[in-house]
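Data block below; observations after.
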Amino acid sequence: MNADAVKQLKGRYCNSLTEYSRFVTREVKIGDVPLGGNNPIRIQSMTTTDTMDTIGTVEQSIRMIEAGCEYIRITAPSIKEAQNLAEIKKQLRMRGYNAPLVADIHFTPNAAEVAARIVEKVRVNPGNYADKKRFDQIDYTDAEYQGELERIYQKFAPLVNICKEYGTAMRIGTNHGSLSDRIMSRYGDTPQGMVESAMEFIRICELLNYRNLVVSMKSSNPQVMVQAYRLLVETMVAEGMNYPLHLGVTEAGDGEDGRIKSAVGIGTLLEDGLGDTVRVSLTEEPEAEAPVAIALVERYSKRKSGSQEVQRTESKNTTPSPVERVGERYSPYEYKRRETTEANAFIGGHMVPRVVVDLSQANLKDPSILNDAGYLYSPILDKYNMAEQSVDFVYLGDSLPSFTFPGNLKQLYNYRTWVGLANKFLCHPVFTLDEYLDSSADRSSPLNLVRVTANDLMREDFANLPNHGSLVFVLETDKAHGMADQRTFFFKLMELGLNTPVIVKRSYDFIVDSTSTIDHGKSTMDYGRSTMDQRVTLLQLYAATDMGALLVDGFGDGIWIDAPGLPTQAITSTSFGILQATRSRISKTEYISCPSCGRTLFDLMITTQMIRSRTSHLKGLKIGIMGCIVNGPGEMADADYGYVGSGTDRITLYRGKEVVKKNVTSENALDELINIIREDGNWIEPVEN
Numbered sequence: 001m002n003a004d005a006v007k008q009l010k011g012r013y014c015n016s017l018t019e020y021s022r023f024v025t026r027e028v029k030i031g032d033v034p035l036g037g038n039n040p041i042r043i044q045s046m047t048t049t050d051t052m053d054t055i056g057t058v059e060q061s062i063r064m065i066e067a068g069c070e071y072i073r074i075t076a077p078s079i080k081e082a083q084n085l086a087e088i089k090k091q092l093r094m095r096g097y098n099a100p101l102v103a104d105i106h107f108t109p110n111a112a113e114v115a116a117r118i119v120e121k122v123r124v125n126p127g128n129y130a131d132k133k134r135f136d137q138i139d140y141t142d143a144e145y146q147g148e149l150e151r152i153y154q155k156f157a158p159l160v161n162i163c164k165e166y167g168t169a170m171r172i173g174t175n176h177g178s179l180s181d182r183i184m185s186r187y188g189d190t191p192q193g194m195v196e197s198a199m200e201f202i203r204i205c206e207l208l209n210y211r212n213l214v215v216s217m218k219s220s221n222p223q224v225m226v227q228a229y230r231l232l233v234e235t236m237v238a239e240g241m242n243y244p245l246h247l248g249v250t251e252a253g254d255g256e257d258g259r260i261k262s263a264v265g266i267g268t269l270l271e272d273g274l275g276d277t278v279r280v281s282l283t284e285e286p287e288a289e290a291p292v293a294i295a296l297v298e299r300y301s302k303r304k305s306g307s308q309e310v311q312r313t314e315s316k317n318t319t320p321s322p323v324e325r326v327g328e329r330y331s332p333y334e335y336k337r338r339e340t341t342e343a344n345a346f347i348g349g350h351m352v353p354r355v356v357v358d359l360s361q362a363n364l365k366d367p368s369i370l371n372d373a374g375y376l377y378s379p380i381l382d383k384y385n386m387a388e389q390s391v392d393f394v395y396l397g398d399s400l401p402s403f404t405f406p407g408n409l410k411q412l413y414n415y416r417t418w419v420g421l422a423n424k425f426l427c428h429p430v431f432t433l434d435e436y437l438d439s440s441a442d443r444s445s446p447l448n449l450v451r452v453t454a455n456d457l458m459r460e461d462f463a464n465l466p467n468h469g470s471l472v473f474v475l476e477t478d479k480a481h482g483m484a485d486q487r488t489f490f491f492k493l494m495e496l497g498l499n500t501p502v503i504v505k506r507s508y509d510f511i512v513d514s515t516s517t518i519d520h521g522k523s524t525m526d527y528g529r530s531t532m533d534q535r536v537t538l539l540q541l542y543a544a545t546d547m548g549a550l551l552v553d554g555f556g557d558g559i560w561i562d563a564p565g566l567p568t569q570a571i572t573s574t575s576f577g578i579l580q581a582t583r584s585r586i587s588k589t590e591y592i593s594c595p596s597c598g599r600t601l602f603d604l605m606i607t608t609q610m611i612r613s614r615t616s617h618l619k620g621l622k623i624g625i626m627g628c629i630v631n632g633p634g635e636m637a638d639a640d641y642g643y644v645g646s647g648t649d650r651i652t653l654y655r656g657k658e659v660v661k662k663n664v665t666s667e668n669a670l671d672e673l674i675n676i677i678r679e680d681g682n683w684i685e686p687v688e689n
């Protein structure tokens, strides 16, 4: 986007940047489960069975419904699968399951037209529906581009008319990785291109007076995904539309990585009141997805909406408050890290965000307690080795260790305890604001951390805050809508022109006693009786939402997760996972792996684990693992290497978007992939433990 366009759009994608206010959308009828309007945020997932396997698909759909899915999506790659949706639907209804079915369509308009007569909703991908992707750069005149739009109209209008006739809903689902050559040529690989790809189809629907629509903007990069949804909402509002939003991070992966990545993207939008239905795309069994999605949206079911909740269908917008008017240095539609000073050549400026963990309640007589913070202690050698994910600060509060710390690990103490330390090397104080403002305070440390809240900026004495290049804020909040409260602090800092580094701190002491509902395969589970793994999952989702929502906008020079009662290793891993998902700090290999569906040509879960087992030590590489070509090379545009199913027992290997080897057998594909990585000079041998 050009600078003028960005300037005009700032802050207009949601009701409020400073308080929770759900964006009310048009209600869309999907069977007996309406979407949007004042309905709850709906949960959905997608089957992984062969659509021609009627019984297998029915059984899996039932497991998904019982896990909490309200809509069931099923792939229909050709007419025969589309026709078989009728039998699947019949069998489900005979068994008493009435969840609406959604047909997933990519390259086959004829299959979509069949499915639209059977199921309650069809999903079409505008990048695949009327175009073939060849990665060609084409220079269109305006007249030629208009001719392309007329061609798309002729291709798409029949489906729209069928949906109108049968009362079938439609999702126009843009994928970042499958934008057409036409869109790429004019708009590039950008959020704006994603939005325009969807809007072209939406405008056709409006022209034909069809408005039973849902829209999505999916990407495997949460930063791109968030920007695209925001820009979509602003664009729709400007054109008098308010269609419901389907939220998802595509190809999120599995395990911790998949949950954190999904929460960063989906949670960021939910925090701003956007989203009417959610799908968490995990490379796991589909029934494992719904509970994660439920846990994400449950936080908002009882959250009070601010006074600005309105149904926004007009282009006219209210004037933003001074807090929301943050000038040229912030745009929600493009990433720009907040400019900060560099304190002690360690935090802020161009440094990667730092990680703090709390060891104040740990056994400080045993050096092995640092293992979970990424410093591996060897009793035989009496030395530490750093792991890939080694924290930068440990907070010790008022406790003193009885062993020697690693020479590059900084210790944080409460100010009153720090003052009394005989040896302050690598030890830094954590002040309250009153302590730091006291005229007798010792501010001689190279780093002085000061606990603050957004309200502290309103204090008269805040302007007198001493700062000699050593000041770092530790930003805390006790508000129900903590992300917006902390974002307000950053906005105010920008208004005041203060470039002090900020560590974002969030406390999750409630998780151990929480009764939230999440499990890996059941819809509800009392967290008071749940396993530690389930509580850790809840931490991953909440922290990734709260902190990820700030980091994707460039806010934050460090993160501090306070989660008493949860394992230090889980807190460390979650912290680095959030930084990785927001592209703020890369500490491990990233896997862009799809969640599988009926088009998949190999077992994605087994294959992903196999590839991970041999490549996870390659820090900083991104490897795409795709079951088929639908989102293959395009969705892997952000990956360094790709492993894509191209036929039965056949794999195509990519370097970025470039095909390197075709028709490699599954048995040899991983070895061939490693050989390509080796040839590029990106392979290192794994270290033996």
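Sequential numbering of the sequence shown, starting at 1, is according to UniProt numbering. We put the beta carbon where it would ideally sit given N, CA and C, even for glycine.
- Put simply, of Ile606, Val687, Ser593 the residue whose alpha carbon is nearest the alpha carbon of Val644 is Ser593.
- One thing to note: Pro40 has its Cβ within 8 angstroms of the Cβ of Ser301.
- Here Phe473 carries a strand assignment [DSSP, helix/strand/coil].
- The segment 57-64 makes contact with the segment 91-110; the number of CB pairs closer than 8 angstroms reaches 3 or more.
- Pairing Leu282 with Glu289 gives a Cβ-Cβ distance under 8 angstroms.
- Between Thr500 and Asn467, the gap from beta carbon to beta carbon is short of 8 angstroms.
- Taking a C-beta distance under 8 angstroms as the contact criterion, Tyr591 and Arg612 qualify as a contact pair.
- Non-local C-beta neighbours of Tyr375 in its own chain, meaning closer than 7 angstroms and more than five positions away in sequence, comprise Tyr384, Met386, Ser390, Pro406, Leu409, ordered along the chain.
- Inter-residue distance for Ala373 and Thr531 is about 22 angstroms (C-alpha atoms, whole angstroms).
- Distance from the CA of Ser575 to the CA of Ala441, rounded to the nearest whole angstrom, comes to 32 angstroms.
- For the 8 angstroms CB-CB criterion, Leu437 and Leu465 form a contact.
- Take the alpha-carbon of Phe403 and the one of Val356: they are about 20 angstroms apart.
- The C-alpha of Val472 is placed about 28 angstroms away from the C-alpha of Gly265.
- Nearest Cα to Ala99 within the set Ser78, Glu70, Ile105, Ala115: Glu70.
- Looking only at Ile183, Gly548, Gly681, the smallest Cα-Cα distance to Tyr145 is reached by Ile183.
- Per DSSP, the beta-bridge partners of Lys661 are Leu653.
- Here Asp382 is exposed: its Cβ has fewer than 16 other Cβ atoms, across all protein chains shown, within 10 Å.
- By the CB criterion at 8 angstroms, Arg73 and Met46 fall inside the cutoff.
- For Thr174, the secondary structure class from DSSP, reduced to helix, strand or coil, is strand.
- Going by beta carbons, Asn212 and Ser178 fall outside the 8 angstroms limit.
- By the C-beta criterion, the segment 9-24 is judged not to be in contact with the segment 247-258, since fewer than 3 inter-stretch pairs fall below 8 angstroms.
- Beta-carbon to beta-carbon, Gly397 and Asn414 are separated by about 6 angstroms, close enough to satisfy the 8 angstroms threshold.
- Around the beta carbon of Gln580, 16 or more other beta carbons sit within 10 angstroms, so the residue counts as buried.
- In the DSSP annotation of this structure, the continuous segment of the alpha helix (DSSP H) that includes Cys205 starts and ends at 191-207.
- Residue pairing from DSSP places Tyr395 in a beta bridge opposite Asp358, Leu412.
- In the three-state scheme derived from DSSP, where H, G and I count as helix and E and B as strand, Ile586 is classed as coil.
- Per DSSP, Cys163 lies in no beta strand (DSSP E); the unbroken alpha helix (DSSP H) holding it starts and ends at 142-166.
- Burial check for Gln154: the Cβ neighbour count within 10 Å stays below 16, so the residue is exposed.
- Taking the Cα positions, Thr582 is about 42 angstroms away from Tyr166.
- Secondary structure note for Asp546: it is in no beta strand (DSSP E), and the uninterrupted alpha helix (DSSP H) holding it is 532-551.
- Shown here, Phe555 sits in coil according to DSSP, grouped into three states, outside any helix or strand.
- Secondary structure within the segment 243-310: the alpha helix (DSSP H) runs of 4 or more consecutive residues, fully enclosed, are 255-262, 268-271, 289-301 (chain order).
- Inter-residue distance for Asp603 and Asp254 is about 13 angstroms (C-alpha atoms, whole angstroms).
- DSSP places Gly37 outside both helix and strand once states are collapsed to three, so it counts as coil.
- In terms of CA proximity to Leu550, Arg338 leads the group Arg459, Val450, Met626, Arg338.
- For Arg678, the uninterrupted alpha helix (DSSP H) segment begins and ends at 666-679.
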